[in-house]
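Undergrad: The sequence shown: position 41 = 146 (the working numbering), numbered continuously.
Ideal Cβ placement from N, Cα and C applies to all residues, glycine included.
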Amino acid sequence: MKIKRIHPVFGLLGILCFLGIFNPLFYGFVGFFGFYWWGLLSKEISDERLESNLIKSKCIICNILMIVCLLLLLGLTRNFDKSMIIAIGSFSFGISFVLAPAIAYYCDKLA
106 MKIKRIHPVF GLLGILCFLG IFNPLFYGFV GFFGFYWWGL LSKEISDERL
156 ESNLIKSKCI ICNILMIVCL LLLLGLTRNF DKSMIIAIGS FSFGISFVLA
206 PAIAYYCDKL A
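1. Less than 8 Å between the C-beta atoms of Tyr210 and Leu145, yes or no?
2. Using a Cβ-Cβ cut-off of 7 Å (strictly less than) and excluding sequence neighbours within five positions of Leu159, which residues of its own chain qualify?
3. Buried or exposed for Asp152, please, with buried defined as at least 16 other CB atoms from any protein chain shown within 10 angstroms of its CB.
4. Taking a contact to mean a Cβ-Cβ separation below 8 Å, would you say Leu177 touches Ile165 in this structure?
5. With respect to the alpha helix (DSSP H) encompassing Arg183, which residues constitute its N-terminal and C-terminal limits?
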């Protein structure tokens with residue numbers, strides 16, 4: 106798997122998430138901070154260890170998102186505020202795009 110070259114400066118696009126004050130869907134822009142970690146990973150040589158770390162980090166994030174989805178569904182059945190559920194869902198969606206490359210980067214550096 107070849108990682109495309111991304112400059113870490115594109116992570117500054119995550120500042121758009123602060124527009125979430127006006128619309129809860131904008132919390133999803135937190136995911137743009139992940140470009141910083143993808144930029145650091147693109148400087149590494151793609152080998153089997155890096156690929157296995159990427160798969161491992163994506164599995165961890167997938168498990169966390171499944172738990173968050175379950176909690177959001179429970180929140181919908183308990184009549185919580187819909188805008189709060191949308192904000193939590195979009196924020197966790199954006200955070201997952203940041204944590205996946207960050208976990209892979211730290212696993213690659215520790216090994």
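TA: The relevant details are as follows:
1. Locating residue 210 in the sequence shown gives position 105, where the first residue counts as 1. Locating residue 145 in the sequence shown gives position 40, where the first residue counts as 1. It is a contact, given that the beta carbons lie within the stated cut-off.
2. Indexing the sequence shown from 1 puts residue 159 at position 54. Excluding residues within five positions, the ones whose Cβ falls inside 7 Å are Ala209.
3. By 1-based counting over the sequence shown, the position of residue 152 is 47. Exposed: under 16 other Cβ atoms inside 10 Å.
4. Numbered from 1 along the sequence shown, position 72 holds the residue referred to as residue 177. Numbered from 1 along the sequence shown, position 60 holds the residue referred to as residue 165. Taking 8 Å as the Cβ cut-off, Leu177 and Ile165 do not qualify as a contacting pair.
5. Position 78 of the sequence shown holds residue 183. Here Arg183 belongs to no alpha helix (DSSP H), and DSSP marks it neither H nor E.
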